[in-house]
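Asks: Have a look at the structure that comes next, please.
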Amino acid sequence: MIRVAILGGSGYTGGELLRILAAHPYVEVVYVTSREYAGAPIYFAHPNLRGYYQGLRFEKLVLDKALEADTVFSALPHGVGLETTAKLLESGVQVVDLSADYRLKDPGAYREWYGFEHPYPDLLEKAVYGLPELHRDELPGARLIASPGCNATAAILASAPLVKHRLLATNRIIVDVKAGSSERGSKPSRSSHHPEREGAMRPYSPSGHRHAAEAEQELSRLADGEVRVSLIPHAVSSIRGVLASAHGWLRDGVTGTDVARAYAETYRGQRFIRVIALGKHGTVDPKFVQGSNYADIGYAVEKRVARVTGFAAIDNLVRGAAGQAVQAFNISRGLPEDAGLAYPPLHP
Ligand SMILES: NC(=O)c1ccc[n+]([C@@H]2O[C@H](COP(=O)([O-])OP(=O)(O)OC[C@H]3O[C@@H](n4cnc5c(N)ncnc54)[C@H](OP(=O)(O)O)[C@@H]3O)[C@@H](O)[C@H]2O)c1
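Offset between the sequence shown (1-based) and my numbering: plus 1301.
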């Protein structure tokens, strides 16, 4: 069994890690941290897990305890776990970081997008961006996995085939994202508090959301040239789910068949991608991936104006966070990719 610790285990992504790992055949969770719930059983923070993890209680974050694990999943707010991650790696512990701390390769991008000087640029080089469909070959043996952001995951998966197959007329993509409230974490703020959020339909960070930096990094790598992404999230009133609609213009001569082929080829054989033909019996909706690690992908071409749109629907807490982190961890350890993740989504 691989001994796993979860830092920030009382939060939403920490709770999803615990839910997924409860059924993982190769993992034993040995240490879970929280300041607020220190000393309390797991179900105090996650009532859905009553009856699971009966011998385990939340504990304060102490480096020496985390060092006893083989792998640490860090589900802390960005910035909080930076130093802990570096120390764990130094001692040979594998880290899967769900925060943004190690996702960007360029240290200067942290100054620009997150407003701080990254203290470990050498680790940025070593980190593997944990999107399995794009980085499968780098994951085996990876010591530091930087798990992607949820909006970035959906934006990249929606547009990767268009970029990879050079179908776009320009290097600019506009990604419209609709996101559920759990994206903001378990600590309420004025704008995420239920009376303010229920029924909402509003843009936020409309002039530059941080996840655009990840999408640009990954899509530029895929294109072998610069790709610019404008990403605008909208708060909607569901709890889970992200829908990304990535808009671009087709190069002259590119047909709907070319687009269909690009999506089919890019995602052929990928365990957690379902490419869906949109129509009477096909839709891309976060509702139909809830609770699962699937990304449902679709596309549409409006021939008249040569507009193409790629769609991706995910559960932000699973495919956009804990599930994807476990998928990448499984690959890094040579385990079956779907260990702990092999169940269908909910319906209705
Ligand atoms: N929510 C999503 O959809 C999503 C998707 C992808 C990635 N992420 C990323 O995953 C991370 C966790 O997100 P979340 O939504 O789970 O947030 P959350 O619900 O607010 O959970 C944060 C966790 O970190 C702990 N924590 C907070 N401040 C701390 C500190 N200073 N020292 C030690 N522990 C601290 C909290 O517990 P205590 O306060 O009790 O210590 C809690 O367990 C974030 O970096 C987020 O950006 C989130």
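Glycine included, every Cβ here is placed at the ideal spot set by N, Cα and C.
Here the structure is a predicted model, which is why all the values come from computation and not from measurement.
Going by alpha carbons, who is nearest to HIS1535 out of ASN1452, TRP1414, ASP1616?
Replies: It is ASN1452 whose Cα lies nearest to the Cα of HIS1535.
Asks: Taking buried to mean at least 16 other C-beta atoms within 10 Å of its own C-beta, is HIS1512 buried or exposed?
Replies: Around the beta carbon of HIS1512, 16 or more other beta carbons lie within 10 angstroms, which makes this residue buried.
Asks: State the Cα-Cα distance for the pair VAL1330 and LEU1383, rounded to the nearest angstrom.
Replies: Their backbone Cα atoms lie some 22 Å apart in a straight line.
Asks: Got a sec: is the Cβ-Cβ distance from PRO1422 to anything in chain D below 9 Å?
Replies: Structure shown: chain D not included; a single protein chain is present.
Asks: Of all the options GLU1566, TYR1505, TRP1414, ARG1608, which has the alpha carbon lying nearest to the alpha carbon of ARG1518?
Replies: Looking at the sequence provided, one finds Gln at residue 1518 rather than Arg. Of the candidates GLU1566, TYR1505, TRP1414, ARG1608, the one whose C-alpha sits nearest the C-alpha of GLN1518 is TRP1414.
Asks: Check whether the Cβ of SER1538 sits closer than 8 Å to any heavy atom of ligand 1, and report yes or no.
Replies: no
Asks: Which residue comes first and which comes last in the beta strand (DSSP E) that contains GLN1571?
Replies: Segment: none, GLN1571 is in no beta strand (DSSP E) and carries neither H nor E.
Asks: Quick check: what's the CA-CA separation for SER1493 versus THR1558?
Replies: 42 Å
Asks: Counting beta carbon pairs with one atom in the segment 1544-1557 and one in the segment 1570-1578, are three or more of them shorter than 8 Å?
Replies: no
Asks: Between which two residues does the alpha helix (DSSP H) carrying GLY1611 extend?
Replies: Element bounds for GLY1611: not the alpha helix (DSSP H) but the beta strand (DSSP E), 1608-1615.
Asks: Measure the alpha-carbon distance for PHE1612 versus ARG1320 and round it to whole angstroms.
Replies: 28 Å
Asks: Ligand 1 and SER1335: does any heavy atom of the ligand fall closer than 8 Å to the residue's C-beta?
Replies: yes
Asks: Using the C-alpha atoms, what's the distance from LYS1361 back to GLY1315?
Replies: Between the alpha carbons of GLY1315 and LYS1361 lies a distance of about 14 Å.
Asks: For TYR1338 versus SER1311, is the C-beta spacing smaller than 9 Å?
Replies: For TYR1338 and SER1311, yes; Cβs fall inside 9 Å.
Asks: Terminal residues of the continuous alpha helix (DSSP H) containing GLN1355?
Replies: Taken as a continuous stretch (DSSP letters only), GLN1355 belongs to no alpha helix (DSSP H), as it is neither H nor E.
Asks: Since ARG1304 is in the beta strand (DSSP E), which residue starts that stretch and which ends it?
Replies: In the DSSP assignment, ARG1304 falls within the beta strand (DSSP E) that extends over 1303-1308.
Asks: Checking 9 Å against the spacing of the C-beta atoms, do SER1633 and PRO1462 come in under that value?
Replies: PRO1462 sits away from SER1633, with the two beta carbons spaced by 9 Å or more.
Asks: Give me the residue from VAL1464, SER1539, LEU1532 with the minimum Cα distance to ALA1501.
Replies: SER1539
Asks: Helix, strand or coil for SER1521, going by three-state DSSP, please let me know.
Replies: helix
Asks: THR1567 and HIS1648 - do their beta-carbons sit closer together than 9 Å?
Replies: Between HIS1648 and THR1567, the C-beta gap is not smaller than 9 Å, which leaves the two residues out of contact.
Asks: With respect to the beta strand (DSSP E) encompassing ARG1503, which residues constitute its N-terminal and C-terminal limits?
Replies: 1502-1504
Asks: Would the C-beta of ALA1461 count as close to ligand 1, meaning under 8 Å from any of its heavy atoms?
Replies: no
Asks: Using only the alpha-carbon positions, how far apart do ALA1370 and ALA1626 sit?
Replies: 17 Å
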